[in-house]
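Okay, structure first, notes after.
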Amino acid sequence: MIVLQVNQVHKSFGADEILSGVKLEVQHRDRVALVGRNGAGKSTLLKIISGEMSYDSGDIIMPKDLTIGYLEQQTDLETDATIWEEMMTIFKHFRKQEAKLRQLEAQMADPAVYEDTAQYEKVMQEYDTLQHDFKEAGGYQYEADTRTILHGMKFYQEDYEKKIVSLSGGQKTRLMLAKLLLSKPQLLILDEPTNHLDIETLSWLENYLTNYPGALLIVSHDRYFLDQVVTLVYEVSRHRVKKYTGNYSRYLDEKAKQYEHDLKQFEKQQSEKAKLEDYVQRNLVRASTTKMAQSRRRILEKTDWMDAPNGDEKSARFGFSIEKQSGNDVLNVRSLAIGYGNAPVSENISWKLYRQESLALVGPNGVGKSTLLKTIMKELEPLAGEIHYGTGIQFGYYDQEQANLKGNKLLLNELWDDYPHVNEKDIRGVLGRFLFSGDDVLKPISTLSGGEKARVALAKLMMQKANVLLLDEPTNHLDLDSKEVLENALLDYPGTILFVSHDRYFMNRISTKVIELTRDGTTEYLGNYDYYLEKKLELEELKALEEEESKTATQTSAAPTTSQINKEAKKLERQLVRQSEETESEMEQLDLQIAGIEEQLCLPEVFQDHERVLPLQTELEKLKEAHEEKMALWLELQEKIENVHS
Numbered sequence: 001m002i003v004l005q006v007n008q009v010h011k012s013f014g015a016d017e018i019l020s021g022v023k024l025e026v027q028h029r030d031r032v033a034l035v036g037r038n039g040a041g042k043s044t045l046l047k048i049i050s051g052e053m054s055y056d057s058g059d060i061i062m063p064k065d066l067t068i069g070y071l072e073q074q075t076d077l078e079t080d081a082t083i084w085e086e087m088m089t090i091f092k093h094f095r096k097q098e099a100k101l102r103q104l105e106a107q108m109a110d111p112a113v114y115e116d117t118a119q120y121e122k123v124m125q126e127y128d129t130l131q132h133d134f135k136e137a138g139g140y141q142y143e144a145d146t147r148t149i150l151h152g153m154k155f156y157q158e159d160y161e162k163k164i165v166s167l168s169g170g171q172k173t174r175l176m177l178a179k180l181l182l183s184k185p186q187l188l189i190l191d192e193p194t195n196h197l198d199i200e201t202l203s204w205l206e207n208y209l210t211n212y213p214g215a216l217l218i219v220s221h222d223r224y225f226l227d228q229v230v231t232l233v234y235e236v237s238r239h240r241v242k243k244y245t246g247n248y249s250r251y252l253d254e255k256a257k258q259y260e261h262d263l264k265q266f267e268k269q270q271s272e273k274a275k276l277e278d279y280v281q282r283n284l285v286r287a288s289t290t291k292m293a294q295s296r297r298r299i300l301e302k303t304d305w306m307d308a309p310n311g312d313e314k315s316a317r318f319g320f321s322i323e324k325q326s327g328n329d330v331l332n333v334r335s336l337a338i339g340y341g342n343a344p345v346s347e348n349i350s351w352k353l354y355r356q357e358s359l360a361l362v363g364p365n366g367v368g369k370s371t372l373l374k375t376i377m378k379e380l381e382p383l384a385g386e387i388h389y390g391t392g393i394q395f396g397y398y399d400q401e402q403a404n405l406k407g408n409k410l411l412l413n414e415l416w417d418d419y420p421h422v423n424e425k426d427i428r429g430v431l432g433r434f435l436f437s438g439d440d441v442l443k444p445i446s447t448l449s450g451g452e453k454a455r456v457a458l459a460k461l462m463m464q465k466a467n468v469l470l471l472d473e474p475t476n477h478l479d480l481d482s483k484e485v486l487e488n489a490l491l492d493y494p495g496t497i498l499f500v501s502h503d504r505y506f507m508n509r510i511s512t513k514v515i516e517l518t519r520d521g522t523t524e525y526l527g528n529y530d531y532y533l534e535k536k537l538e539l540e541e542l543k544a545l546e547e548e549e550s551k552t553a554t555q556t557s558a559a560p561t562t563s564q565i566n567k568e569a570k571k572l573e574r575q576l577v578r579q580s581e582e583t584e585s586e587m588e589q590l591d592l593q594i595a596g597i598e599e600q601l602c603l604p605e606v607f608q609d610h611e612r613v614l615p616l617q618t619e620l621e622k623l624k625e626a627h628e629e630k631m632a633l634w635l636e637l638q639e640k641i642e643n644v645h646s
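What follows is the structure in structure tokens.
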């Protein structure tokens, strides 16, 4: 069943054309993504479909009784109601039915009605019908459903009586999303639903939307989310829309293949066209071949020649470089407590960061990830513990709140004031690499969009040439293309990276180590985001296995059966293999650190200086001892794995 058809829709703002001849179709249970650059018209199209905005021409066709839910990027939910009261406004019809059921129950308990058989049967019949309808519609389930969805959106029992006016912007957006999910419209339209969600909430939302009973139309810059949820992609580009089947990764593959195919077809046609034109030019004036030349000229005029296929739209072009290399030890955080005033947000934080590592800080919202970065930058004082900074450290800090990009300063001056020794032409050149050209550089900072401010912040970061980058949600506000450019720039960066992000695709590409931050401390994982997830799952499996084994041991002391022995052997083997792989990763990390110190000891300015050689030699010996211990452990694990097989 088709729930939405968009036919030849056009939309302009004054002389600026936004959408031209847009076609789009959504079937019941479709999971559709709208993708494209910032400013391409995605949000405009969603507003047109939802009825929030008019359009110049074309048709929007949908069933008369279709229910639509629309979540905008900026949600303005202002009410004096509590969270629970606001959720209950969705179920006014259930509340009325409940009141009617209580009224009928009171009538049935009334002796006067009870003694009048006909009246009593009439009330009973009405009560049975209403109760059946109430049950079938979910009347006995809606409060449980509300608690489930509020819990998924990180609102708990103790939050239910909070006034909505007291919530932050991000909390209001999450609450509005929860309300939409509860109302279960037949067409759910979501504009950037993953903003303000931590990784745990994102995973919950992905699972919920995968099983959603209606159709979904989503705009999102979260590639991991799109890959998990959507099955159709419509690309908004150059005012038009094009359809691709599959998730986001499949769309990228299909788009690349289509471009290659179209380019070959175009080149083939251009070759044929050139031959015809050459023949006409050489033979039109010759009497013996005039007719043949005229015939070919008619073919040239009547043929509908292909236009050159459109390649990718203009992208930002930038990279990060450093002025000088830092020492091998970049940061050493020991027993740190962070927070504001005397109220700690997180405690017992300990980890190390080495040169050229890319470390991702993960954890739920509110656990102190941004606070930790600000503490490292010395914007906040640590409440306890210490941070040791390596030699030659130069920090470059990207603030997700872009607090230093406020006011009416012109874009050109925003960079030029920080680097007055650089001439205007070069400043404009830098801004041009971030897609600011011509009069764009004379815009006041206050008029820029979130995506434009993010590009300005990245331009300033690039000009610093720092050897350690601290990035707080660097992909927020960036479109999918800009994210890819940023990822490639960071992969080529010769310095060290410490970053906070909820973009799981970004973390997977960039991180070489993950630190999970909780209120009680940190846990280190040597690998990218997928490894972190795998390791977490493994630890949960081991914990469940230990609990199961403990339970089994207390219940029975009977000898295990052959099948139980085989099952336990396989579990033991999986555990040993995982421990072996982890030990290998730790050995590789130690190898890198050993190589770094040996490289320093070969430098003339180091090996000629006894005071600099001694601590490096001591550290080298410690690392080699640790490597030998890991090697011994690895050999022991290999022997145990072989014994399991035998």
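Letter 493 of the sequence shown, counting from 1, is numbered 493 in full-length UniProt numbering, and no numbers are missing. Using N, Cα and C, we set each Cβ at its ideal position, and we do this for glycine too. Keep in mind that this is a model prediction, so the values were computed, not measured.
- Counting along the chain, R31 sits inside no alpha helix (DSSP H); it lies in the beta strand (DSSP E) bounded by residues R31 to V35.
- Taking the CA atoms as reference points, L411 sits about 40 Å from G246.
- Here V285 has no same chain residue with a Cβ atom under 6 Å from its own Cβ, once five neighbours each way along the sequence are excluded.
- Under DSSP, L410 shares a beta bridge with P444.
- Linking E301 to Q5 through their CA atoms gives a straight-line distance of about 36 Å.
- Put simply, the backbone Cα of S50 is about 25 Å away from that of I83.
- Residue range F395 to Y398 is occupied by the beta strand (DSSP E) that includes F395, with no alpha helix (DSSP H) assigned at that position.
- Shown here for D472: same chain residues with a beta carbon closer than 7 Å to its own, the five before and five after excluded, namely S370, L373, Y398, D399, Q400 and V500 in chain order.
- Counting along the chain, E267 sits inside the alpha helix (DSSP H) bounded by residues Y248 to N283.
- With at least 16 other beta carbons inside 10 angstroms of its own, D222 counts as buried.
- Scanning A287, D304 and S288 for the CA closest to the CA of Q270 turns up D304.
- Looking at I149, E424, V333 and K184, the one whose alpha-carbon comes closest to that of A178 is I149.
- Between the C-alpha atoms of A384 and F225 there is a straight-line separation of about 38 Å.
- Here R519 really is in contact with S346; their C-beta atoms are around 5 Å apart, less than 8 Å.
- Between V219 and L34, the gap from beta carbon to beta carbon is short of 8 Å.
- Assigned with DSSP and collapsed to three states, K640 falls in helix.
- Here G36 is not near S183, since their CB atoms are 8 Å or more apart.
- Linking E115 to R95 through their CA atoms gives a straight-line distance of about 30 Å.
- R578 sits in a helix when the DSSP states are folded into three classes.
- Per DSSP, T148 is one residue of the alpha helix (DSSP H) stretching across Y142 to G152.
- Cβ neighbours of G41 within its own chain (closer than 6 Å, five residues either side excluded): I18, L19 and V236.
- Per the Cβ contact rule, the segment 504-512 is in contact with the segment 358-365 (3 or more Cβ pairs under 8 Å).
- Pairing N467 with Q394 gives a Cβ-Cβ distance under 8 Å.
- With three or more CB-CB distances shorter than 8 Å, the segment 615-629 counts as touching the segment 587-601.
- Per the C-alpha coordinates, the member of E582, H239, K483 and I515 positioned closest to V9 is H239.
- For Y340, the enclosing beta strand (DSSP E) begins and ends at D329 to Y340.
- Beta-bridge partners of W416 (DSSP): none assigned.
- If you check the CB distance, H502 and I199 come in under 8 Å.
- Q27: not part of any alpha helix (DSSP H); member of the beta strand (DSSP E) spanning D16 to Q27, first to last residue.
- Of all C-beta pairs linking the segment 314-323 to the segment 455-465, three or more are shorter than 8 Å, placing the two stretches in contact.
- DSSP, reduced to helix, strand and coil, places S321 outside both helices and strands of the structure shown, so it counts as coil.
- In the structure shown, the three-state DSSP call for W634 is helix.
- As for any alpha helix (DSSP H) of minimum length 4 sitting wholly inside the segment 585-627, the runs are 604-607, ordered along the chain.
- Within its own chain, no residue has a Cβ closer than 6 Å to the Cβ of K406 once the five positions on either side in sequence are excluded.
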